[in-house]
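Heads up: the protein sequence lines correspond to chains A and B, in order. Per my numbering: the first sequence = residues 3 to 141. Per my numbering: the second sequence = residues 3 to 141. Think of the CB as a built atom: it goes at the ideal place given N, C-alpha and C, for glycine as much as any other residue. Note that the coordinates shown come from a computational prediction; the quantities given were computed from them, not determined experimentally.
Protein chains: 2
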Amino acid sequence: MAHAPPMTIGDLAAATNTRVETVRWYEKVKLLPAPERSAGNYRLYGPEHLRRLSFIRRGRDLGFTVDQIRELLAMADDRDRSCAEVDTIARAHLAQVERKLADLTRLAHELRDVIGQCGCGSVADCRIIEALSPHGDPS
Amino acid sequence: MAHAPPMTIGDLAAATNTRVETVRWYEKVKLLPAPERSAGNYRLYGPEHLRRLSFIRRGRDLGFTVDQIRELLAMADDRDRSCAEVDTIARAHLAQVERKLADLTRLAHELRDVIGQCGCGSVADCRIIEALSPHGDPS
DNA sequence: CTTGACCCTGTAGTTCCTACAGGGTGCATG
DNA sequence: CATGCACCCTGTAGGAACTACAGGGTCAAG
């Protein structure tokens, strides 16, 4: 139960379902801090890197841009930042997240409907498109 | 209350918060069918195009690739497709949607926490990163 | 001490847009 | 009726976020 041994870039990539090249790219654009290097110049990652990369990957999968993720990470990093600033950013992101939640919820509902109907002849009345049709600003 | 008059590409783009160039690009890659043209060679869109483009845009915003959206649209289009096939695709997409829902729900929760805490000195214990940390395969 | 899996840097290619350049359309207005 | 001005057309080039080599070094196993 000592500290976990450092991971190589391959380990980290495997643990987060990421390509090795992508991990290096995140380092280049400063989403992921440059880790220590071994004697043989290998990158060595710790659990902090794992958490951070996991966050980045899931954020990307949810449709956030790299800049938005950078902003969310900065919020977590600079905890002595002005409260008003954090509040404003967090509120903006929350509004966006709630819009995405609403859209995803309706899409999940329609997919379940399609799956439920499947068992007879054909997909009678598919409303998948309606699930994400206009219902306010898709800003 | 007659049929709505056809929209120009600018109208359609404005209605879906999309750039005109992007609409033309979707046509080129066959996500959006090529519409009728006016005498002066302007594209003329109807409500079907609006629904479809809206679906595409929201799908992209939710992190689906163009190919995944193509698959979802095909499911809605070819309603006389083999039931088993639609079922398999729908199940795969539903699993992905539910993973995204879980992630977004946790992110929304953490953002609300941050907003709630803001009112005193500093962001004491920010757990935003934990919201999207490892908890199963982020496939 | 070699072999194979893995790491390094760098550059070029892919996807999904985004931004012009150079030119035509269409309607209001003098 | 002509002359703006906003909008449309077809390109092609650029940017964001990866992805895939090429050419070479590291290292544990046998």
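Problem set entry | Partner residues on chain A for L134/B, Cβ-Cβ distance less than 7 Å | Counting from 1 along the second sequence, the entry for residue 134/B is found at position 132. For a Cβ distance threshold of 7 Å, residue set S56, F57, R60 and G61 of chain A lies close to L134/B, ordered along the chain.
For this session: Measure the C-alpha to C-alpha separation of A6/B and Y47/B and round it to an integer number of angstroms.
Result: As a working note, residue 6/B is residue 4 in the second sequence. As a working note, residue 47/B is residue 45 in the second sequence. If you draw a straight line from the Cα of A6/B to the Cα of Y47/B, it comes to about 10 Å.
Exercise. Roughly how many angstroms separate the alpha carbons of L16/A and A36/B, rounded to a whole number?
Worked result: Position 14 of the first sequence holds residue 16/A. Position 34 of the second sequence holds residue 36/B. Note that residue 16/A is Ala in the sequence shown, not Leu. If you take the alpha carbons of A16/A and A36/B, they lie about 42 Å apart.
Exercise. Should I91/A and I71/A be called a contact, given that it needs their Cβ atoms to be closer than 8 Å?
Worked result: Taking the first residue of the first sequence as 1, we reach residue 91/A at position 89. Taking the first residue of the first sequence as 1, we reach residue 71/A at position 69. Contact flag unset, no.
Exercise. Can you tell which of A94/B, R101/B and L113/B has its C-alpha closest to the C-alpha of E100/A?
Worked result: One-based indexing of the first sequence puts residue 100/A at position 98. When only C-alpha atoms are compared, the closest one is L113/B.
Exercise. Any idea if S56/B is buried or exposed, counting beta-carbon neighbours within 10 angstroms, 16 or more meaning buried?
Worked result: Within the second sequence, numbered from 1, the residue matching residue 56/B stands at position 54. With 16 or more Cβ atoms within 10 Å of its Cβ, S56/B is classed as buried.
Problem set entry | Within chain A, the residues that T107/B reaches when beta carbons sit closer than 8 Å | Residue numbering aside, residue 107/B sits at position 105 when the second sequence is read from its first letter. Neighbours of T107/B on chain A, chain order: L103.
Exercise. In whole angstroms, what separates the C-alpha of Q98/B from that of L134/B?
Worked result: Translated into the one-based positions of the second sequence, residue 98/B becomes position 96. Translated into the one-based positions of the second sequence, residue 134/B becomes position 132. Approximately 15 Å, taken between the alpha carbons.
For this session: Return yes when the Cβ of L96/A is within less than 8 Å of the Cβ of A110/B, no when it is not.
Result: Counting from one through the second sequence, the residue named residue 110/B turns up at place 108. Counting from one through the first sequence, the residue named residue 96/A turns up at place 94. By the CB criterion at 8 Å, A110/B and L96/A fall inside the cutoff.
Problem set entry | Cβ shell of T18/A (< 6 Å), same chain only, five flanking positions each side left out | For the purposes of this step, residue 18/A is taken as the residue at position 16 of the first sequence. So the qualifying residues of the chain are L55, S56 and R59.
Exercise. Q73/B versus chain A: which residues are under 9 Å apart at the beta carbon?
Worked result: Start at 1 with the first residue of the second sequence, and residue 73/B comes out as number 71. Per the sequence shown, residue 73/B should be read as Glu rather than Gln. For E73/B, there are no neighbours in chain A by C-beta distance under 9 Å, as the nearest C-beta there is about 11 Å away.
Exercise. Alpha carbon to alpha carbon, how far is A104/A from L106/B?
Worked result: Locating residue 104/A in the first sequence gives position 102, counting from the first residue. Locating residue 106/B in the second sequence gives position 104, counting from the first residue. Within the model, the alpha-carbon separation for A104/A versus L106/B is close to 10 Å.
For this session: Could you have a look at L96/B and say whether DSSP puts it in helix, strand or coil?
Result: Working through the second sequence from its first residue, we reach residue 96/B at position 94. Under the three-state reduction of DSSP output, L96/B falls in the helix class.
Exercise. Among G61/B, V116/B and D89/B, which one has its Cα closest to the Cα of E87/A?
Worked result: In the first sequence, the residue the question calls residue 87/A occupies position 85. When each option's Cα is compared against that of E87/A, the closest is V116/B.
Exercise. The alpha helix (DSSP H) with T18/A in it runs from where to where?
Worked result: The sequence position of residue 18/A within the first sequence is 16, counting from 1. Where T18/A is concerned, the enclosing alpha helix (DSSP H) stretches over I11 to T18.
Exercise. Run through DSSP, which three-state label would L46/A get?
Worked result: Residue mapping note: residue 46/A aligns to position 44 of the first sequence, counting from 1. Three-state result, L46/A: strand.
For this session: Kindly indicate which residue of G61/A, S40/A, R62/A and L34/A has the alpha-carbon position closest to the one of P49/A.
Result: Here residue 49/A refers to the residue found at position 47 when the first sequence is read from its first residue. For the residues G61/A, S40/A, R62/A and L34/A, the minimum Cα distance to P49/A belongs to L34/A.
Exercise. Can you list, in chain order, the residues of the stretch 37 to 52 of chain B whose Cβ is nearer than 8 Å to any Cβ on chain A?
Worked result: Cβ contacts with chain A: L52.
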